[in-house]
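In this note's numbering, the protein residues as written are 15 to 305.
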Amino acid sequence: MSAQRAIRITEVGPRDGLQNELVAISTAAKIAFINALSNANFAEIEVTSFVRADRIAQLADAAAVMAGITRAAGTVYSALVPNERGLDGALAAGAEKISVFVSASESFSQRNVNATIHECLEKLSLVVRRARAAKLPVRGYVSCVVKCPYDGAISAEQVREVCAQLLEMGVTELDLGDTIGAAVPDDMDRLLAGLQTLAAPKDITLHLHNTSGRAIAVAERAIALGVVSFDCSAGGLGGCPYAPGSPGNVATEDMLEMAARLGIATGVNAEHVRAATDQLRQDMVSARAQR
Ligand code: MG
């Protein structure tokens, strides 16, 4: 079915997973989780987000987590930053790559960050310029690339327009998010065709949510179309608190199982992922019991 023999996996559980879990996890437990994930040999781990503590209390210890982890050779340790202040924090903490985010949907942008897409892009251009000047690669997340909880279907042209501006400002990786997990496999054909002259499938990362139970089927189609880079979250941790009814980052374990079934290499050790997830679940149970 597929011409791809290997895919690249970015583990986003420590950031995208934990930021959306309601139980407060201790800094020590987060560090232990990331260290356990590091044993699994991911291409990249998105460690945390340098956001204001009053916006996302779960990640208020971003600097301490970055400082506390033991970095494995061969894994890139990245951090999400919403603005220049966040970038300052990420640079000081030694992030090896940063991620910025913008929505392809106008309504989602305004409800999620209280700013228009244009305003977000303007603000991000400064962040991206400084990160590139510091020689860091930059991932540009684009949310709601298939459907928005407020605006409904999002056209490939809308996605293309935002992606074009991200590339123009110096973003090195486009990461397309199906934020509410609404995609069906055919959406990948439409989406990737729309981006054709801008970015090849091999240069695009997909961030799928399994809300409707289709993330793996969508990923399989994307692989057949040439996509080789995916985000996923150990144990399927997290979702999106700003998008009603959209729990469920696609689970790393499910992606690894699919890759193994198709004979596609990931380089990731599934046993170590399972161990990391089990350990975190125990820490979450303890944290709940202590409340
Ligand atoms: Mg997500």
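All C-beta atoms in this analysis are idealised placements derived from N, C-alpha and C, irrespective of residue type, glycine included.
Extent of the continuous beta strand (DSSP E) to which residue i belongs
i: T24; result: 22-25
i: I218; result: 218-222
i: D245; result: 243-246
Limits of the alpha helix (DSSP H) - the one that residue i falls within
i: I39; result: No alpha helix (DSSP H) contains I39, which DSSP labels as neither H nor E.
i: S119; result: No alpha helix (DSSP H) contains S119, which DSSP labels as neither H nor E.
i: H132; result: 131-147
i: S300; result: 284-304
i: L276; result: 266-276
i: A231; result: 229-238
Contact under 8 Å by Cβ, residue i with residue j
i: T41; j: V79; result: yes
i: A74; j: Q293; result: no
i: G88; j: V114; result: no
i: V282; j: V232; result: no
i: A290; j: F47; result: yes
i: I21; j: I278; result: yes
i: V156; j: L188; result: yes
i: V127; j: V142; result: no
i: S117; j: Y164; result: no
i: G31; j: G252; result: yes
i: S63; j: A76; result: yes
i: G103; j: G249; result: no
i: T266; j: S243; result: no
i: M269; j: A236; result: no
i: A109; j: A93; result: yes
i: V173; j: L222; result: no
i: I45; j: G82; result: yes
i: S119; j: A86; result: no
i: G262; j: T225; result: yes
Outcome for residue i when other beta-carbon atoms lying within 10 angstroms are tallied against a minimum of 16
i: C158; result: buried
i: G227; result: exposed
i: D160; result: According to the sequence as given, residue 160 is Val; it is not Asp. Classification for V160: buried.
i: N34; result: buried
i: E234; result: buried
i: D200; result: exposed
i: V287; result: buried
i: D68; result: exposed
i: A106; result: exposed
i: E60; result: buried
i: Q179; result: buried
i: H132; result: exposed
i: T193; result: buried
i: K216; result: exposed
i: E58; result: buried
i: L36; result: exposed
i: M298; result: buried
i: S300; result: exposed
i: T211; result: exposed
i: L150; result: buried
i: M15; result: Annotation note: pLDDT 46 at M15 (below 50); position unreliable, no value reported.
i: R29; result: buried
i: A147; result: exposed
i: T84; result: exposed
i: A207; result: exposed
i: R295; result: exposed
i: R204; result: exposed
### Message
Extract the residue ranges of the alpha helix (DSSP H) inside the stretch 157-216, only unbroken runs of 4 or more that lie entirely within it.
### Response
Counting only unbroken stretches of 4 or more residues, the alpha helix (DSSP H) elements lying wholly within the stretch 157-216 are 170-183, 199-208, in sequence order.
### Query
Taking three-plus beta-carbon pairs below 8 Å as touching, is the stretch 167-177 in contact with the stretch 136-143?
Segments in contact, no.
#### Entry: In chain order, each alpha helix (DSSP H) run of at least 4 residues that lies wholly inside the stretch 34-102
Correct list: 41-52, 76-82.
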